[in-house]
Amino acid sequence: MRVLSHVCCGPCFTAVHENLSQSGYDLAAYYYNPNIHPVEEYRLRLSHLERFCGRYSVPLIAGDYEVREYFAAVDGHEDKPDRCIRCYTLRLERTAELAAQDDYDAFTTSLLLSPYQYHDELRAVADKLSGEHDIEFLYRDFRPAYRRSIELSKSLDMYRQKYCGCAFSEKER
Ligand code: SF4
Numbered sequence: 011m012r013v014l015s016h017v018c019c020g021p022c023f024t025a026v027h028e029n030l031s032q033s034g035y036d037l038a039a040y041y042y043n044p045n046i047h048p049v050e051e052y053r054l055r056l057s058h059l060e061r062f063c064g065r066y067s068v069p070l071i072a073g074d075y076e077v078r079e080y081f082a083a084v085d086g087h088e089d090k091p092d093r094c095i096r097c098y099t100l101r102l103e104r105t106a107e108l109a110a111q112d113d114y115d116a117f118t119t120s121l122l123l124s125p126y127q128y129h130d131e132l133r134a135v136a137d138k139l140s141g142e143h144d145i146e147f148l149y150r151d152f153r154p155a156y157r158r159s160i161e162l163s164k165s166l167d168m169y170r171q172k173y174c175g176c177a178f179s180e181k182e183r
């Protein structure tokens, strides 16, 4: 089964990749994160993901850095959880569109690993997009593997960021 995984960052993807690969899924990674601020941080996270994907032969697609789309999506909704739900919607909508267009069997996201995300709301967003784009959403609660992602990313000397991604989260940390 071919699965397109939205990837928020390399460290989260380590354990998602391990879990889904062990289950026999044929994974590709999609880095679409116009929420990340500033651009240097966006590039740093991407470069460590590229290294990981190169090591494990995972095809990686880097989306456009559409900062204006991110700010338009959250405009007037800068407080949590509203802001995050809009951020999930933007990122996962692109992922579902690409997965449907390129004939993947399903899409998923490494955001499901983080205990700091609004997991139930994230799942609801993905389920809705699954219906709208006629593409299966592969749901797994990866949160029990969060500690494993820390182990893996440390052992691979990966950059581990200190804030979720957007300018708001950098200020809030
Ligand atoms: S805190 Fe994270 S999920 Fe929420 S809007 Fe910012 S980058 Fe997106």
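Residue numbering for the sequence shown follows my numbering, beginning at 11 and increasing consecutively.
In this text, a Cβ means the ideal position worked out from N, Cα and C, and glycines have one as well.
This one's a predicted model, so the numbers in the text were calculated from it and none came from an experiment.
Residue i CB to nearest heavy atom of ligand 1 below 6 Å
i: Arg93; result: yes
i: Gly175; result: yes
i: Ser15; result: no
i: Asn45; result: yes
i: Cys97; result: yes
i: Ser124; result: no
i: Ser179; result: yes
Terminal residues of the alpha helix (DSSP H) in which residue i lies
i: Leu139; result: His129 to His143
i: Glu107; result: Asp92 to Gln111
i: Lys172; result: Lys172 -> no alpha helix (DSSP H), and no H or E assigned at all.
i: Tyr126; result: It is not in any alpha helix (DSSP H) - Tyr126 carries neither H nor E in the DSSP assignment.
Bridge-paired residues (DSSP) for residue i
i: Phe147; result: Phe117
i: Arg12; result: Asp36
i: Tyr41; result: Ala72
Residue i, DSSP secondary structure in three states
i: Val26; result: helix
i: Val7; result: Given that the chain is displayed from residue 11 to residue 183, the structure contains no residue 7 and the question cannot be resolved.
i: Tyr66; result: helix
i: Asp167; result: coil
i: Ser159; result: helix
i: Ser31; result: helix
i: Arg183; result: coil
i: Phe81; result: helix
i: Phe152; result: coil
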